[in-house]
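Accompanying notes for the structure given below.
Protein chains: 2
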Amino acid sequence: MLVSRILRLSRHRRSVSGCRWFLPQCHRHDHFFILPSSSGDSALKVFGCREAYTWSLPTLYAPRRNIHHQGSSMVEDDQLDPFSLVADELSRIATRLRAMVVAEVPKLTSAAEYFFKTGAEGKRFRPAVLLLMATALNVRIPQPTSVSIGDRSAAEAELRFRQQRLAEITEMIHVASLLHDDVLDDADTRRGIGSVNFVMGNKVAVLAGDFLISRACVALAALNNWEVLTLMSAVAKDLITGETMQMTSTADQHYSMDYYMQKTYYKTASLLSHGCKSIAILADHTAEVALLAFEYGRNLGLAFQLIDDVLDFTGTSTSLGKGSLSDIRHGIITAPILYAMEEFPQLRAVLDQGLDKPENIEVALEYLGKSNGIQRARELAAKHAYLAVSAINSLPETEDEEVRKSRRALVDLTQIVLTRNK
Amino acid sequence: MLVSRILRLSRHRRSVSGCRWFLPQCHRHDHFFILPSSSGDSALKVFGCREAYTWSLPTLYAPRRNIHHQGSSMVEDDQLDPFSLVADELSRIATRLRAMVVAEVPKLTSAAEYFFKTGAEGKRFRPAVLLLMATALNVRIPQPTSVSIGDRSAAEAELRFRQQRLAEITEMIHVASLLHDDVLDDADTRRGIGSVNFVMGNKVAVLAGDFLISRACVALAALNNWEVLTLMSAVAKDLITGETMQMTSTADQHYSMDYYMQKTYYKTASLLSHGCKSIAILADHTAEVALLAFEYGRNLGLAFQLIDDVLDFTGTSTSLGKGSLSDIRHGIITAPILYAMEEFPQLRAVLDQGLDKPENIEVALEYLGKSNGIQRARELAAKHAYLAVSAINSLPETEDEEVRKSRRALVDLTQIVLTRNK
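Residue numbers (UniProt numbering), protein chains in the order written: chain A, 1 to 422; chain B, 1 to 422.
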């Protein structure tokens, strides 16, 4: 099994230089301890998450590591902002995407401005992960000032260019799915800003999404790599499958943690996992390295979504009811509630009565508050963050400082994902 | 200029054997006469259609040619049903498309059933045109019973297979655009059947459309022909551009015949024209032949849409107000009204007051009834049908009976498009 394989690998490799947390073995520290479940590998099964995890929360909540937000990136006092390593490339990608929309369908300019110019936070998370992964797998960013452009550096520049296109493609797919999700859910707002369909109408949202999908497909075809095309087209199917799973489910599926995790993989983690794997494939890495890249993306994506689900209840604070409660109000049951149901089976009867009634939401929140639902959801996120870090630690060793820096950035990203508060 | 070139070519070629109308030279017949405008080539300018066309309506309205509908195809008493030539392939395409959706996203089965199984009329028009074009350009349908499968027939079979995939792709793109149009327009019905978004919700419509777009892109990439990929991706852009043109226009654009024709090209004719051209390119035809294929598709598409716009006013009868009046009720101004405005400039003031008021629609219909708007829109459609036939007549001569039969079918299709009543 893949996860256990990663763990076995990680136990025999030293951790990335500069990685200050999540060493692969059990250890304890004032601000940081991870205790793998006594049930061993089985506790790491990604789609079978009913086990009582015994992971405690790592350094993330330690007071000395004060994390704050700065512009579109998140910075920790004593560490390099992971986004800064690829900031120039991210900026160029956003500019290219905007220019493409404006040039090809001028009437969608407003939508392009909205998504690629206003710099709403988190919009470039996926390309950042892919570009960091590209460097983490030994591929250097070409130096424009380099004086000796031999065959090798030309090939490296060409590869980096292709990987940048892939990063761009993931952003296009992501933004298209946001646009269409907004239409689907009739969402009035996204992250506090009026959603594009609310501001500009459903028409613009559907058309802009369609445009991005079709351009992403053409860009993928231009990469001329059948394996990458197949992987990334699987993402499109997964996004759609995840949405249909959310849309139509039996009562048992609705309350199933397995079903929830599978849906979460399809909706959030598939793009990151297939994107990271594709980065490795473009660079002709071994199947083992490609799998590690995939596992990093998958686990980071799952952690990201689990925290998203927690924040829907807690918002910026740790107390309940401070979030937007958007999921539960739309009848979407996520990990915290599913865990609460395990502790208080009577919660199901409340949920069965329908979440369109505010009083039922109140009761459900009461049960959630009495339970360990929020904490267990955070722990599950931390477990996936740990698995993501393990994948990075399992990569072939390197002395290249740039590569090590990018690997550390990927590790730091898992922490940022866990500690973000919006 | 392309059109004049086609005409020059067509004047020097004999007409397709069996083509019983639209000979390229001027002529007159009891039931059939075409008089090119005295302004010559300029009258044939596709996007500059303000000229007073002097084309009369050809044989289409002659009583002896009784056209009726039979199942999903339209048959004329004394001619072969054009669809019958490719019926088996069309049926296989529908089955493949349905199976693909059902296998990959089972929850979209209902949408797949709706579009690929219920056989609502007109659903396979585009693949039929492409497959007929494939044969018309000398590519034979491989005979499964053939005993001598040499290199040549294997290559032919492979080519036909690729052309079938392209026909499938056009249907996917078309259905996806229907699905998303329904969401955009909030249309309750499409062709009298409850639209998929009305029956199954916006979610299914958007997702099913997204699925088809992404699969169409992958299928296109699999054809591994960069020129075809570029052409077909232009279609996606055109569909979106056409929709945005309809969505946002200045007052002058709103009442401009040029703008209307350009939008019509993007929304309807682009898919057929690029599809037909791609069929030629897959078969390695000359640029001249590819251009003729393109012109056939473009003019057929324009004729198709012009008649669609007429039918919105007349429905199955020739009298006004028998159609669904869906366009005008949505504030969409089409050719009949634009022509009526040329005769009665005071109509513009009525339109300016807004078509959300039923009394304004009544007044607009009165003006339309007094004008030659309907007739002139039909004449414009007939002109484009003529240009489509001219393109077929300009193809390199052939003695191959199968090829000639397909060319005749394409010619007959133009007539069917003009005389359809739904």
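Ideal Cβ positions, reconstructed from N, Cα and C, are used throughout, including at glycine.
Below 7 Å on C-beta distance, what does residue i contact in chain E?
| i | result |
| --- | --- |
| residue 372 of chain A | The displayed structure is made up of protein chains A and B, and chain E is not among them. |
State the DSSP-derived secondary structure class of residue i, mapped to helix, strand or coil.
| i | result |
| --- | --- |
| residue 202 of chain A | helix |
| residue 127 of chain A | helix |
| residue 253 of chain A | helix |
| residue 399 of chain B | coil |
| residue 105 of chain A | coil |
| residue 88 of chain A | helix |
| residue 285 of chain A | coil |
| residue 225 of chain B | coil |
| residue 231 of chain B | helix |
| residue 319 of chain B | coil |
| residue 47 of chain B | Any answer about residue 47 of chain B is weak, because its pLDDT of 30 lies below 50 and its placement is not dependable; what the coordinates show is given next. Coil at residue 47 of chain B, not helix or strand. |
| residue 407 of chain B | helix |
| residue 248 of chain B | coil |
| residue 261 of chain A | helix |
| residue 413 of chain B | helix |
| residue 138 of chain B | coil |
| residue 324 of chain A | coil |
| residue 81 of chain A | coil |
| residue 291 of chain A | helix |
| residue 306 of chain B | helix |
| residue 355 of chain A | coil |
Give me the Cα-Cα distance between residue i and residue j, rounded to the nearest whole angstrom.
| i | j | result |
| --- | --- | --- |
| residue 257 of chain A | residue 164 of chain A | 36 Å |
| residue 306 of chain B | residue 372 of chain B | 15 Å |
| residue 339 of chain A | residue 250 of chain A | 19 Å |
| residue 109 of chain A | residue 344 of chain A | 50 Å |
| residue 259 of chain A | residue 377 of chain A | 15 Å |
| residue 161 of chain A | residue 176 of chain A | 22 Å |
| residue 214 of chain B | residue 216 of chain A | 9 Å |
| residue 359 of chain A | residue 263 of chain A | 28 Å |
| residue 85 of chain B | residue 402 of chain B | 9 Å |
| residue 300 of chain B | residue 422 of chain B | 16 Å |
| residue 102 of chain A | residue 400 of chain A | 40 Å |
| residue 80 of chain B | residue 375 of chain B | 28 Å |
Could you spell out where the alpha helix (DSSP H) holding residue i opens and where it closes?
| i | result |
| --- | --- |
| residue 331 of chain B | Looking at the DSSP string, residue 331 of chain B is not in any alpha helix (DSSP H), and its letter there is neither H nor E. |
| residue 420 of chain B | Taken as a continuous stretch (DSSP letters only), residue 420 of chain B belongs to no alpha helix (DSSP H), as it is neither H nor E. |
| residue 338 of chain B | 335 to 343 |
| residue 358 of chain A | 358 to 370 |
| residue 268 of chain A | Where residue 268 of chain A is concerned, there is no enclosing alpha helix (DSSP H), given that its DSSP letter is neither H nor E. |
| residue 375 of chain B | 373 to 393 |
| residue 352 of chain B | 347 to 352 |
So, under 8 Å CB-CB, residue i and residue j are touching, yes? Tell me the CB distance rounded to an integer number of Å.
| i | j | result |
| --- | --- | --- |
| residue 137 of chain B | residue 289 of chain B | 6 Å |
| residue 174 of chain B | residue 126 of chain B | 5 Å |
| residue 221 of chain B | residue 229 of chain A | 6 Å |
| residue 388 of chain A | residue 419 of chain A | Actually they do not touch by this definition, with Cβ atoms about 14 Å apart. |
| residue 169 of chain B | residue 219 of chain B | 5 Å |
| residue 87 of chain B | residue 116 of chain B | At roughly 15 Å, the Cβ-Cβ gap does not stay under 8 Å, so residue 87 of chain B and residue 116 of chain B are not in contact. |
| residue 394 of chain A | residue 311 of chain A | That pair is no contact at about 30 Å. |
| residue 132 of chain A | residue 390 of chain A | In fact, because the Cβ distance is near 17 Å, the residues do not count as touching under 8 Å. |
| residue 241 of chain A | residue 266 of chain A | 5 Å |
| residue 303 of chain B | residue 129 of chain B | About 12 Å separates the two Cβ atoms, so there is no contact after all. |
Should residue i be listed as close to the ligand HEM, given that the test is whether its C-beta is under 6 Å from any heavy atom?
| i | result |
| --- | --- |
| residue 222 of chain B | Annotation note on the ligand HEM: not contained in the displayed structure, which lists no ligands. |
task = For the segment 318 to 327 of chain A and the segment 293 to 301 of chain A, state whether three or more C-beta atom pairs, one from each stretch, are separated by less than 8 Å.
result = no
ask   = Should the segment 235 to 253 of chain A be called in touch with the segment 263 to 283 of chain A, which here means at least 3 C-beta pairs below 8 Å?
value = yes
query = Any chance the segment 361 to 372 of chain A sits against the segment 307 to 324 of chain A, with 3 or more Cβ pairs inside 8 Å?
reply = yes
message = Three Cβ pairs or more, each shorter than 8 Å: is that satisfied between the segment 371 to 386 of chain A and the segment 281 to 288 of chain A?
response = no
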